[in-house]
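**Student:** The structure that follows is given in the form of structure tokens.
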Amino acid sequence: MNESLLNLKETDTVNILAVESSCDDTSAAVIQNGKILSNIVASQSVHEKYGGVVPELASRAHQQHIVPVVHQALSNANITKSMLNGVAFTRGPGLLGSLLVGASFIKSMAYALDIPLLAVDHMQAHILAHFIDAPKPSFPFICLTVSGGHTQIVQVNSFLDMEILGETQDDAVGEAFDKCAKLMGLPYPGGPYIDRLAQEGDPDKFTFPMTNMPDLQYSFSGIKTAFLNFLKKHENKNADFIENNKADIAASIQKTLIAMLMEKLESAATQTGICEIAIAGGVSANQGLRAKLDELSKEKGWTIYLPKLEYCTDNAAMIAITAHYLLLAGNEASLRIDPDARLHFMRY
Ligand code: KG4
Ligand code: ZN
Numbered sequence: 002m003n004e005s006l007l008n009l010k011e012t013d014t015v016n017i018l019a020v021e022s023s024c025d026d027t028s029a030a031v032i033q034n035g036k037i038l039s040n041i042v043a044s045q046s047v048h049e050k051y052g053g054v055v056p057e058l059a060s061r062a063h064q065q066h067i068v069p070v071v072h073q074a075l076s077n078a079n080i081t082k083s084m085l086n087g088v089a090f091t092r093g094p095g096l097l098g099s100l101l102v103g104a105s106f107i108k109s110m111a112y113a114l115d116i117p118l119l120a121v122d123h124m125q126a127h128i129l130a131h132f133i134d135a136p137k138p139s140f141p142f143i144c145l146t147v148s149g150g151h152t153q154i155v156q157v158n159s160f161l162d163m164e165i166l167g168e169t170q171d172d173a174v175g176e177a178f179d180k181c182a183k184l185m186g187l188p189y190p191g192g193p194y195i196d197r198l199a200q201e202g203d204p205d206k207f208t209f210p211m212t213n214m215p216d217l218q219y220s221f222s223g224i225k226t227a228f229l230n231f232l233k234k235h236e237n238k239n240a241d242f243i244e245n246n247k248a249d250i251a252a253s254i255q256k257t258l259i260a261m262l263m264e265k266l267e268s269a270a271t272q273t274g275i276c277e278i279a280i281a282g283g284v285s286a287n288q289g290l291r292a293k294l295d296e297l298s299k300e301k302g303w304t305i306y307l308p309k310l311e312y313c314t315d316n317a318a319m320i321a322i323t324a325h326y327l328l329l330a331g332n333e334a335s336l337r338i339d340p341d342a343r344l345h346f347m348r349y
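If you read the sequence shown in this note's numbering, its first letter stands for residue 2, the second for the next number, and so on.
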């Protein structure tokens, strides 16, 4: 264990400031002895008109947001810089320019305050968001992590011991939601719009082919093409097809994407014999997915864990809870550490 951490006694109050800046949300949170005291998120609306995140604009907006967001998180938590026992940042995966803003800021704080630096894996943090509030899963559990950049089935053995059982070989499911929404003329990010429309639509009105993949692997690039061809075919006959069938199209494509996710999740549960099942990441906010899991939990005898909506999409509270466990385990990072845009599960 690192010397600076050895000085901490179990009874000490431990305050950590965490920053998340992997994509287009600048977020800062303060955690005290594993309890979140504040969680501030500044979203970037600048990308909406481009229909996707523009990396250059994202890093610039992080630069503008990071000082006020950190200031607000400390002030809401009633914590001053001198009361901090550690600072944490998202090491990756994500956009390099965005990650660099959070990494440089937090490394400077660790250096100036001479306190431990904690480097967090964004995908592992999405999973550990389940330990912010009760009910908390017990180990081992399976987590389906579904976001704009990732789709993974993970076996979680302990806070810092996780194994990827299967993942997408191309697009992430969030990307599929967003691309289908864009083809329907919906704003970016389109996942929440499809979700809302789907609640009013008939999920059995249209059918789409599900891509077959071996083992616990996923692929979502084929469905996007099938969806494009489906829209083109109908629009050729009727120019108002999308407008007149919006809710049914949304409900039908959402049903297919969820069915693809559930097929592999069910296989993972059967193969491992694990019945504690969690979901995490931006797409875990999807109402259809949450309802389907609820249905499956009754049918299969699973105990399911659905994150609070505020902890589904990117936030620094999940970075803070991960940093809390890293600090407890003595996993301090070196000031020489770099962000890693392609980080693929941190090993400890
Ligand atoms: O985890 P996240 O905030 O950022 C990444 O790490 O990617 O996930 C963002 C993704 C986007 O693709 C967004 O459309 C999707 O999560 N998303 C949803 C919903 N809310 C967010 N997808 C479907 N239904 C939702 N309600
Ligand atoms: Zn994320």
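We treat Cβ as the ideally placed atom computed from N, Cα and C, and that holds for glycine.
Which same chain residues end up closer than 6 Å to D249 when comparing Cβ atoms and leaving out the 5 residues on each side of it in sequence?
**Tutor:** By one-based count along the sequence shown, residue 249 stands at place 248. Excluding residues within five positions, the ones whose Cβ falls inside 6 Å are G202, D203, K206.
**Student:** Under 6 Å from any heavy atom of the ligand ZN, does the C-beta of D315 make it?
**Tutor:** One-based indexing of the sequence shown puts residue 315 at position 314. Yes, the beta carbon of D315 sits closer than 6 Å to at least one heavy atom of the ligand ZN.
**Student:** Since E168 sits in a beta bridge, which residues does DSSP pair it with?
**Tutor:** Your numbering for residue 168 matches position 167 in the sequence shown. Answer is Q153, bridged to E168.
**Student:** Among E300, M214, A281, whose alpha-carbon lies nearest the alpha-carbon of L129?
**Tutor:** As a working mapping, residue 129 is identified with position 128 in the sequence shown. Here the closest residue by C-alpha is A281.
**Student:** Is there at least one non-hydrogen atom of the ligand ZN closer than 6 Å to the beta-carbon of S28?
**Tutor:** As a working mapping, residue 28 is identified with position 27 in the sequence shown. No - the ligand ZN has no heavy atom lying nearer than 6 Å to the Cβ of S28.
**Student:** Need the endpoints of the alpha helix (DSSP H) that D122 sits in, please.
**Tutor:** The sequence position of residue 122 within the sequence shown is 121, counting from 1. Where D122 is concerned, there is no enclosing alpha helix (DSSP H), although the beta strand (DSSP E) it sits in stretches over 118-122.
**Student:** With distances taken from CA atoms, which of M84, I243, Y219, A89 is nearest N316?
**Tutor:** On the sequence shown, position 315 is the one that residue 316 refers to. Ranking M84, I243, Y219, A89 by Cα distance to N316 puts A89 first.
**Student:** Output the distance between the C-alpha atoms of I67 and L184, rounded to the nearest integer angstrom.
**Tutor:** Here the question's residue 67 lines up with position 66 in the sequence shown. Here the question's residue 184 lines up with position 183 in the sequence shown. In a straight line, the C-alpha of I67 is about 33 Å away from that of L184.
**Student:** Helix, strand or coil for N245, going by three-state DSSP, please let me know.
**Tutor:** Against the sequence shown, residue 245 aligns to sequence position 244. Helix.
**Student:** Going by Cα to Cα distance, which pick from P141, F142, D25 is closest to V102?
**Tutor:** Here residue 102 refers to the residue found at position 101 when the sequence shown is read from its first residue. Among P141, F142, D25, the Cα nearest to that of V102 belongs to D25.
**Student:** For Q153, which residues in the same chain have their Cβ closer than 6 Å to its Cβ, ignoring the five residues on either side in sequence?
**Tutor:** Residue 153 sits at position 152 when you count from the first residue of the sequence shown. The residues are T146, I165, E168.
**Student:** With burial defined as no fewer than 16 other Cβ atoms inside 10 Å of the residue's Cβ, what is the status of F346: buried or exposed?
**Tutor:** Indexing the sequence shown from 1 puts residue 346 at position 345. By the neighbour-count rule (16 or more Cβ atoms within 10 Å), F346 is not buried but exposed.
**Student:** Within the same chain, show all residues whose beta-carbon is closer than 8 Å to that of A270, passing over the 5 residues directly before and after it, in chain order.
**Tutor:** Here residue 270 refers to the residue found at position 269 of the sequence shown. These residues qualify, in order along the chain: I143, C276, I278, K301, W303.
**Student:** Regarding G283 and the ligand KG4, is the C-beta to nearest heavy atom distance less than 6 Å?
**Tutor:** Translated into the one-based positions of the sequence shown, residue 283 becomes position 282. Checking the Cβ of G283 against the ligand KG4 gives yes.
**Student:** Which first and last residues belong to the alpha helix (DSSP H) in which R197 is found?
**Tutor:** Position 196 of the sequence shown, counting from 1, holds the residue named residue 197. Segment 192-199, the alpha helix (DSSP H) holding R197.
**Student:** Do you know how far the Cα of L100 is from the Cα of K233?
**Tutor:** The sequence position of residue 233 within the sequence shown is 232, counting from 1. The sequence position of residue 100 within the sequence shown is 99, counting from 1. Computed Cα separation, rounded: 38 Å.
**Student:** Taking Cβ positions, are A286 and L310 nearer each other than 7 Å?
**Tutor:** Within the sequence shown, numbered from 1, the residue matching residue 286 stands at position 285. Within the sequence shown, numbered from 1, the residue matching residue 310 stands at position 309. For A286 and L310, yes; Cβs fall inside 7 Å.
**Student:** Kindly list the residues whose CB is nearer than 6 Å to the CB of Q223, restricted to its own chain and excluding five residues on each side of it in sequence; keep chain order.
**Tutor:** Locating residue 223 in the sequence shown gives position 222, counting from the first residue. Sequence check: residue 223 is Gly here, not Gln. Excluding positions up to five away in sequence, the list reads T212.
**Student:** Who are the Cβ neighbours of S298 in its own chain at under 8 Å, not counting the five residues just before and after it?
**Tutor:** Working through the sequence shown from its first residue, we reach residue 298 at position 297. These residues qualify, in order along the chain: I278, T304, I305.
**Student:** Using 8 Å for Cβ pairs, my map puts V20 next to F106. What's the rounded Cβ distance?
**Tutor:** Along the sequence shown, read from residue 1 onward, the residue named residue 20 stands at position 19. Along the sequence shown, read from residue 1 onward, the residue named residue 106 stands at position 105. About 6 Å separates the two Cβ atoms, so the contact holds.
**Student:** By Cβ distance, which residues of its chain are closer than 6 Å to L266, with the 5 residues on each side in sequence left out?
**Tutor:** Looking up residue 266 in the sequence shown gives position 265. Excluding residues within five positions, the ones whose Cβ falls inside 6 Å are L145.
**Student:** Report back the beta-carbon spacing between G191 and D179 to the nearest angstrom; my notes put them in contact at under 8 Å.
**Tutor:** By one-based count along the sequence shown, residue 191 stands at place 190. By one-based count along the sequence shown, residue 179 stands at place 178. That belief holds up - the Cβ atoms of G191 and D179 are roughly 5 Å apart, short of 8 Å.
**Student:** Rounded to the nearest angstrom, what separates M2 and F140 at their Cα positions?
**Tutor:** For the purposes of this step, residue 2 is identified with residue 1 of the sequence shown, where counting begins at 1. For the purposes of this step, residue 140 is identified with residue 139 of the sequence shown, where counting begins at 1. Reliability of the predicted coordinates at M2 is poor, the pLDDT of 48 falling under 50, and no value is obtained from them.
**Student:** Which residues in the same chain have their Cβ closer than 6 Å to the Cβ of M261, if we skip the five residues on either side of it in sequence?
**Tutor:** Within the sequence shown, numbered from 1, the residue matching residue 261 stands at position 260. The answer, listed in chain order, is M211.
**Student:** Is the separation between the beta-carbon of D341 and that of G87 shorter than 7 Å?
**Tutor:** Walking along the sequence shown from the start, residue 341 turns up at place 340. Walking along the sequence shown from the start, residue 87 turns up at place 86. No, Cβ-Cβ distance for D341 and G87 is not below 7 Å.
**Student:** Smallest Cα separation from P117: which of H127, L85, E264, D216?
**Tutor:** Position 116 of the sequence shown, counted from the start, is the residue given in the question as residue 117. Measuring from the Cα of P117, the nearest candidate turns out to be L85.
**Student:** Just to check, is the beta-carbon of S99 closer than 6 Å to a non-hydrogen atom of the ligand ZN?
**Tutor:** Here residue 99 corresponds to residue number 98 of the sequence shown, with the count starting at 1. No - the ligand ZN has no heavy atom lying nearer than 6 Å to the Cβ of S99.
**Student:** Between the Cα of H123 and those of H325, L187, N332, I320, spot the shortest distance and give me the residue it belongs to.
**Tutor:** As a working note, residue 123 is residue 122 in the sequence shown. Answer by Cα proximity: I320.
**Student:** Assign Y349 to buried or exposed, taking buried as 16 or more other Cβ atoms, counted over all protein chains shown, within 10 Å of its Cβ.
**Tutor:** For the purposes of this step, residue 349 is taken as residue 348 along the sequence shown, with counting starting at 1. Label assigned to Y349: exposed.
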